[in-house]
Amino acid sequence: MVAAAAALVTFAEFEQLPEIPGTRQELHNGEVVEVPPARHGHRLIQLNIQEALRASFRSDLCVHIEIGFKIRNLDYRIADVVVLPRVRWNSIPRAAYLENSPEMVIEVLSPSNTPARMGVTEQLCLNNGCLEFWVIDPKKQTVRISTPQGLLTTYKSGDQIPLLYGGTLPVNAIFA
Numbered sequence: 008m009v010a011a012a013a014a015l016v017t018f019a020e021f022e023q024l025p026e027i028p029g030t031r032q033e034l035h036n037g038e039v040v041e042v043p044p045a046r047h048g049h050r051l052i053q054l055n056i057q058e059a060l061r062a063s064f065r066s067d068l069c070v071h072i073e074i075g076f077k078i079r080n081l082d083y084r085i086a087d088v089v090v091l092p093r094v095r096w097n098s099i100p101r102a103a104y105l106e107n108s109p110e111m112v113i114e115v116l117s118p119s120n121t122p123a124r125m126g127v128t129e130q131l132c133l134n135n136g137c138l139e140f141w142v143i144d145p146k147k148q149t150v151r152i153s154t155p156q157g158l159l160t161t162y163k164s165g166d167q168i169p170l171l172y173g174g175t176l177p178v179n180a181i182f183a
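Under the working numbering, read the sequence shown as residues 8 to 183, first letter to last.
Here's what the structure looks like:
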């Protein structure tokens, strides 16, 4: 006997679901996925990235942690760190959601942010407005950056990352 496939959940249905204390929920191609809270080391990396990027970028750019965004009607993702123009951020109605991918999406690998899951998220973002997708590997202390044009660059300890909006970021600053 074969079990019936679960029905896909639309974004409208997803946003009506109750919140579950201690977890966050994302919508992955119509499937509700519970995401556990980030551990302290994960948060420290997020904060290091946010602080370094804010110091490097112009004031017309926003750098935020744990921002959700809706892509199509079957996907809602929460990125570890996002960068987008302030004009875009300010244009989001208060009762709405960020539509499509932020210009920069930065994800930190963790037990729930596996390389396989990040590969799917990377393609989704790069196909929906993301200009750079970063994957931070805390164990290897590397930063892998991909673009919609298919460019893929990995930076390691001691390297300087050339930033999309100008300036550079030392890889070591992410893991300090």
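Note that the Cβ used here is the ideal one computed from N, Cα and C, for glycine as well. Here the structure is a predicted model, which is why all the values come from computation and not from measurement.
Beta-carbon contacts of residue i that lie in its chain and below 8 Å, excluding the five residues immediately before and after
{"i": "residue 67", "result": "92, 93 and 94"}
{"i": "residue 55", "result": "180, 181, 182 and 183"}
{"i": "residue 187", "result": "Given a span of 8 to 183 for the chain in the structure shown, any question on residue 187 remains unanswerable."}
{"i": "residue 40", "result": "32, 33 and 34"}
Nearest-angstrom Cβ-Cβ length linking residue i and residue j, presumed shorter than 8 Å
{"i": "residue 90", "j": "residue 53", "result": "No, residue 90 and residue 53 are not in contact; Cβ-Cβ is about 13 Å, not under 8 Å."}
{"i": "residue 176", "j": "residue 63", "result": "6 Å"}
Beta carbon of residue i nearer than 9 Å to that of residue j
{"i": "residue 75", "j": "residue 84", "result": "yes"}
{"i": "residue 168", "j": "residue 142", "result": "no"}
{"i": "residue 108", "j": "residue 137", "result": "yes"}
{"i": "residue 81", "j": "residue 37", "result": "yes"}
Beta-carbon proximity list for residue i, same chain, < 6 Å, skipping 5 on both sides
{"i": "residue 120", "result": "114"}
{"i": "residue 71", "result": "89"}
{"i": "residue 161", "result": "149 and 151"}
{"i": "residue 135", "result": "78, 107 and 108"}
Same chain only: Cβ atoms within 7 Å of residue i, ignoring 5 sequence neighbours per side
{"i": "residue 153", "result": "129, 133, 140 and 159"}
{"i": "residue 96", "result": "69"}
Item checked: Cβ contact (3+ pairs, closer than 8 Å) linking the region 11 to 27 and the region 145 to 155 -> No, they do not touch.
Notebook entry, point to check: Can you list, in chain order, the stretches of the alpha helix (DSSP H) that have 4 or more residues and sit fully within the region 107 to 177?
Noted result: Listed in chain order, they are 122 to 133.
Margin query: Give the list of continuous beta strand (DSSP E) stretches no shorter than 3 residues that lie fully inside the region 37 to 78.
Written below: Given a length threshold of 3 residues, each whole run of the beta strand (DSSP E) inside the region 37 to 78 is given here in chain order: 38 to 42 and 68 to 78.
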